[in-house]
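So the sequence shown is numbered by the working numbering: it starts at 14 and just counts up by one.
Even glycine gets a Cβ: it sits at the ideal position worked out from N, Cα and C.
The block underneath contains the structure these notes are about, expressed in structure tokens.
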Amino acid sequence: MKRIQAPVAAFAAVIAFVLPVTSPASDNVQALDVRPRPADPGERTYFLGAGASVEDAVELRDRLITAGAWNVNLFVQERVIVCSVTPRAAAAVELPAAFRSEPAKTAQAPARAASEAWGWIVGAYTLADRAPVGFSADGDAPGRALDDVLLVNTPERVREIQRAVEKAMASRATAPRPQPARAMNQNSEVLAGSILANFIFPESNGTRESNLETWSDADMREAGIGVAGAFLAWQAWTQMDINTTFNLLERVPTGYEPIQHDMSSDELWLVDTMQSLGWGFSGGNSLGIVHEFNEDARATFRTRWVVTSFIVCARNTPNHRFGGGNANYTAYANLGGPYMVEPFPAGTDPNGIGETLVFSKIVQHEVGHCFWTLDEYPGAPGTCGNSSGYLNYTNGNISMTGPGGEEVRCEALTPCIMHIAPRNGQGRPWCRYSLGHLGVVDDNGNGYPDIFEAAPEIVFEPAGPETVTTNRFTLRFKAIARAVPNRNPGQDPNTRVDLASPVDEVRYVTGDNVGFELQPVDGASDELMEDFVVPLPLAAVGESRIEIRARNAAGFQSARFAKIIHFTGVNYTQMGVAVKHNRIEVQWQTVGDIFNSQFDVYRLGPGDPLPGTIEPAEVPPGTRLNTAPVAPDGPGTSGFVSYRYNDFTVEPGHDYRYYVVGSFTLPVEGGTQDYHSPSDVVGQTASLPITDEFVSGIAPNPSNGNVTLSIAVPRTYGGNPRAPQRLATPVDVSVYDVRGRRIRVLESQPQLTDRLTLRWNGRSDADVPVPAGIYFVRVSAGGAEAVRKLVLLR
Numbered sequence: 014m015k016r017i018q019a020p021v022a023a024f025a026a027v028i029a030f031v032l033p034v035t036s037p038a039s040d041n042v043q044a045l046d047v048r049p050r051p052a053d054p055g056e057r058t059y060f061l062g063a064g065a066s067v068e069d070a071v072e073l074r075d076r077l078i079t080a081g082a083w084n085v086n087l088f089v090q091e092r093v094i095v096c097s098v099t100p101r102a103a104a105a106v107e108l109p110a111a112f113r114s115e116p117a118k119t120a121q122a123p124a125r126a127a128s129e130a131w132g133w134i135v136g137a138y139t140l141a142d143r144a145p146v147g148f149s150a151d152g153d154a155p156g157r158a159l160d161d162v163l164l165v166n167t168p169e170r171v172r173e174i175q176r177a178v179e180k181a182m183a184s185r186a187t188a189p190r191p192q193p194a195r196a197m198n199q200n201s202e203v204l205a206g207s208i209l210a211n212f213i214f215p216e217s218n219g220t221r222e223s224n225l226e227t228w229s230d231a232d233m234r235e236a237g238i239g240v241a242g243a244f245l246a247w248q249a250w251t252q253m254d255i256n257t258t259f260n261l262l263e264r265v266p267t268g269y270e271p272i273q274h275d276m277s278s279d280e281l282w283l284v285d286t287m288q289s290l291g292w293g294f295s296g297g298n299s300l301g302i303v304h305e306f307n308e309d310a311r312a313t314f315r316t317r318w319v320v321t322s323f324i325v326c327a328r329n330t331p332n333h334r335f336g337g338g339n340a341n342y343t344a345y346a347n348l349g350g351p352y353m354v355e356p357f358p359a360g361t362d363p364n365g366i367g368e369t370l371v372f373s374k375i376v377q378h379e380v381g382h383c384f385w386t387l388d389e390y391p392g393a394p395g396t397c398g399n400s401s402g403y404l405n406y407t408n409g410n411i412s413m414t415g416p417g418g419e420e421v422r423c424e425a426l427t428p429c430i431m432h433i434a435p436r437n438g439q440g441r442p443w444c445r446y447s448l449g450h451l452g453v454v455d456d457n458g459n460g461y462p463d464i465f466e467a468a469p470e471i472v473f474e475p476a477g478p479e480t481v482t483t484n485r486f487t488l489r490f491k492a493i494a495r496a497v498p499n500r501n502p503g504q505d506p507n508t509r510v511d512l513a514s515p516v517d518e519v520r521y522v523t524g525d526n527v528g529f530e531l532q533p534v535d536g537a538s539d540e541l542m543e544d545f546v547v548p549l550p551l552a553a554v555g556e557s558r559i560e561i562r563a564r565n566a567a568g569f570q571s572a573r574f575a576k577i578i579h580f581t582g583v584n585y586t587q588m589g590v591a592v593k594h595n596r597i598e599v600q601w602q603t604v605g606d607i608f609n610s611q612f613d614v615y616r617l618g619p620g621d622p623l624p625g626t627i628e629p630a631e632v633p634p635g636t637r638l639n640t641a642p643v644a645p646d647g648p649g650t651s652g653f654v655s656y657r658y659n660d661f662t663v664e665p666g667h668d669y670r671y672y673v674v675g676s677f678t679l680p681v682e683g684g685t686q687d688y689h690s691p692s693d694v695v696g697q698t699a700s701l702p703i704t705d706e707f708v709s710g711i712a713p714n715p716s717n718g719n720v721t722l723s724i725a726v727p728r729t730y731g732g733n734p735r736a737p738q739r740l741a742t743p744v745d746v747s748v749y750d751v752r753g754r755r756i757r758v759l760e761s762q763p764q765l766t767d768r769l770t771l772r773w774n775g776r777s778d779a780d781v782p783v784p785a786g787i788y789f790v791r792v793s794a795g796g797a798e799a800v801r802k803l804v805l806l807r
């Protein structure tokens, strides 16, 4: 194994759950939307969309993810989506016209799979399903080292590439995407979330060098199975959601023969291949060209991460190696991206375990480098103190060479795909250190990846305790996702991006953890910062403690955040109005200590603001109606006291809004302070005059479409005749045309009120304006009926 440039960094602490957290208030914090594995991910299902557009396929992929499908994989060229989904979740997803779904047991029928263009996808799943994740005792025999090369680009080199890419994109007059927002080593950071996997299969057309290798259909199929199987195998063990979009670009022409080159001249065919795809004509090297391509493709397919792999045909080349079979390495990759390079088949097969399977494992190994994993096998440079990845995780499983050529280790060997497992037939195991580099390690074993053990925070507005004078309290706060800081030693500290799991659920909790979920202002908890405005009635005068708990999308839950409210005011248990034939009666009820309050009734005009907590120096909104404090109706019962006030100044058919203010004085710090405690606002429409029967006339009549009528609802009683109980009276009010067709229902439910005022806007039940003409309003209340005629003008 050879590595270009120096190892990445020195030893650092790796336990993510004790790391400090950062706030998403700054620009360097971004969301990584992941979900914990569901208890029931559902059945593997194939969504087949031959003939569908790419946009339709991407849209369906996103709908399935939103619906809760697990490990949603889109195969772009075939327009096939495969995922685990429950029947209920699948039924909730609207399929584009070109798509249909099939359970895996149908799609995997051998004859069917062989005859379909997407049959190789079934083969990739079969490969992933049968490849063991853990250690296999059958592979204990010593094997040949992997012999790959890991390229490490310095921060200075990354900045140089970034400047070149931005210049190239700016020079394209019709650039389809904005300038890249990420450096080339920020496009594949953590093995979680949505990943775009570009696989480019170049093929020489013989224009510059002799064409020695040509992709056969069989090799192309096996290579596709191997590359997809590598990603699918990751989904078998990770506790986080991985949704991969596979973009396989087959037989991309180049004038060179790639397998005849090695790292000293690969730049020729890499650039030439990218130019065949329409990239790199403005100059630059392969790193910059592939990064520009990656950024554009990531935006097109709407994924969080992107990594590109070049797979070179080597079927007829000795040892299946570069340099015409003479290269002393099998494959190579850039640490942190943007690409890796590998032949198919991948080198020799010393243990006879099958070249195709070795190829797939090496794909996983090399792409792991693009996600920041380090080599561990004998001969790899560095020590166990070297570190890499978002968590700055050390490399404690590496095998080093002592002065006498002996193997030196920091701890007992753990079989790992970054060690010699790919060549030893040991499945696809990933040790703790590699998981740390990938950012998905769970060191404390609590079921949550350490990278997301940063609980959301609740920030109340305003902060600290509050004193209020009304029990109708509105709680305001922000739920803010926090991030474990990015400590990747291979990235520029000035441009590193911290990743936070978005806010997923916020709950109001009580002492026994029973509570209810709260909805943010925008209706969905899925962002780094969510605003909440929650009306919470206070149960009693005095101190109330409100506790809120939040969790992020990875499932990590916060402690309780408490808000202390001091309610010093009147506890209004009821507030309402009753319409009488010549007035509106305002009614309210209190409970508990009212601090000798005096009550005033206010009526709001059309432009008056709603009352809040009224300070002593402020003028209450609206018009005060009473000239003397309103006295209670009586002594009250069990602490509940009732009040009422009659407003005789109302005009028939007009709308009115009322509220009550209880005013009192309390001693404060040797003096006194005035308090004003407002109630909720209630409203009603004043009744029209009822001179005969039990229904008023319709006003105005004739009308252009907005009319009012009032009903004196007959009272209904039932139960024991000696102590009759009032019951709700059935009421039905409907509008009919001259042909007797009912066109609008204005009211159709039992009523306990004495007076009911209704409006009709001249529209049907379908909310369509009805034509001019004569209409009839039929009123049925209890056993009474009446009809009113209306002339509608237009």
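Beyond the five residues adjoining it in sequence on each side, HIS579 comes within less than 6 Å, by CB distance, of THR480 and GLU556 in the same chain, given in chain order. Counting the other CB atoms within 10 Å of its CB gives TRP250 a total below 16, which places it among the exposed residues. Cβ-Cβ distances below 6 Å link ALA241 to ALA137 and PHE259 in the same chain, with the five nearest sequence neighbours on each side left out; the list follows chain order. Counting along the chain, VAL93 sits inside the beta strand (DSSP E) bounded by residues 93–98. Residue pairing from DSSP places THR678 in a beta bridge opposite ASP687. Shown here for VAL135: same chain residues with a beta carbon closer than 7 Å to its own, the five before and five after excluded, namely ALA120, GLN121 and ALA126 in chain order.
DSSP places GLN248 in the coil class of the three-state scheme, outside both helix and strand.
Counted as a single uninterrupted DSSP element, the stretch harbouring ILE756 is not any alpha helix (DSSP H) but the beta strand (DSSP E) occupying residues 755–761. Comparing alpha carbon positions, the residue from GLY684, SER184, SER207 and TYR688 closest to GLN248 is SER207.
For GLY449, the three-state secondary structure derived from DSSP is helix. Spatial neighbours of HIS667 in its own chain (CB-CB distance under 8 Å, excluding positions within 5 residues in sequence) are listed in chain order as THR698 and ALA699. In the three-state scheme derived from DSSP, where H, G and I count as helix and E and B as strand, LYS491 is classed as strand.
Distance from the CA of ALA572 to the CA of THR685, rounded to the nearest whole angstrom, comes to 39 Å. Taking 7 Å as the cut-off, the beta carbon of ARG48 is found no closer than this to the beta carbon of LEU209. For SER747, the secondary structure class from DSSP, reduced to helix, strand or coil, is strand.
Between GLU280 and SER295, the C-beta spacing is not below 7 Å. In terms of CA proximity to SER128, ARG234 leads the group TYR671, ARG234, ILE78 and GLU379. Counting other Cβ atoms within 10 Å of its Cβ, ILE94 reaches 16 or more and is therefore classed as buried. Unbroken beta strand (DSSP E) runs of no fewer than 3 residues, entirely contained in the region 530–586, are found at 542–550, 555–565 and 574–583, following chain order. Between VAL674 and PRO713, the C-beta gap is not smaller than 7 Å, which leaves the two residues out of contact. Under DSSP, the beta-bridge partners assigned to ASN211 are ASN260 and THR321. As summarised for the region 277–343, the continuous alpha helix (DSSP H) elements at least 4 residues long and confined to that stretch are 279–289 and 299–314, given in chain order. Taking all protein chains shown into account, SER201 has 16 or more neighbouring C-beta atoms within 10 Å of its C-beta and is therefore buried.
In this structure, SER289 lies near VAL265, with their beta-carbon atoms less than 7 Å apart. Listed as beta-bridge partners of THR698 by DSSP are ASP668. Counting only residues of its own chain and dropping the five nearest sequence neighbours on each side, ALA785 has a CB closer than 6 Å to the CB of LEU805, LEU806 and ARG807.
Fewer than three Cβ pairs drawn from the region 458–470 and the region 413–432 lie within less than 8 Å of each other, which leaves the two stretches out of contact. An exposed status is given to GLY683, since fewer than 16 other beta-carbon atoms sit within 10 Å of its beta-carbon.
THR227 and LEU451 have their C-alpha atoms spaced approximately 35 Å apart. Nearest C-alpha to LEU549 among VAL497, LEU488 and LEU531: LEU488. For ARG176, the uninterrupted alpha helix (DSSP H) segment begins and ends at 168–184. The beta carbon of LEU108 is closer than 8 Å to those of PHE60, LEU73 and SER114 in its chain, skipping five residues each way along the sequence. Each of ARG221, GLU631, SER66 and ARG441 was checked against the Cα of PHE112, and the nearest Cα belongs to SER66. Judged by DSSP in its simplified three-state form, ASP660 adopts strand.
In this chain, the beta strand (DSSP E) harbouring TRP83 covers 83–88. Under the DSSP assignment, ILE134 falls outside any beta strand (DSSP E), being part of the alpha helix (DSSP H) whose first and last residues are 132–143.
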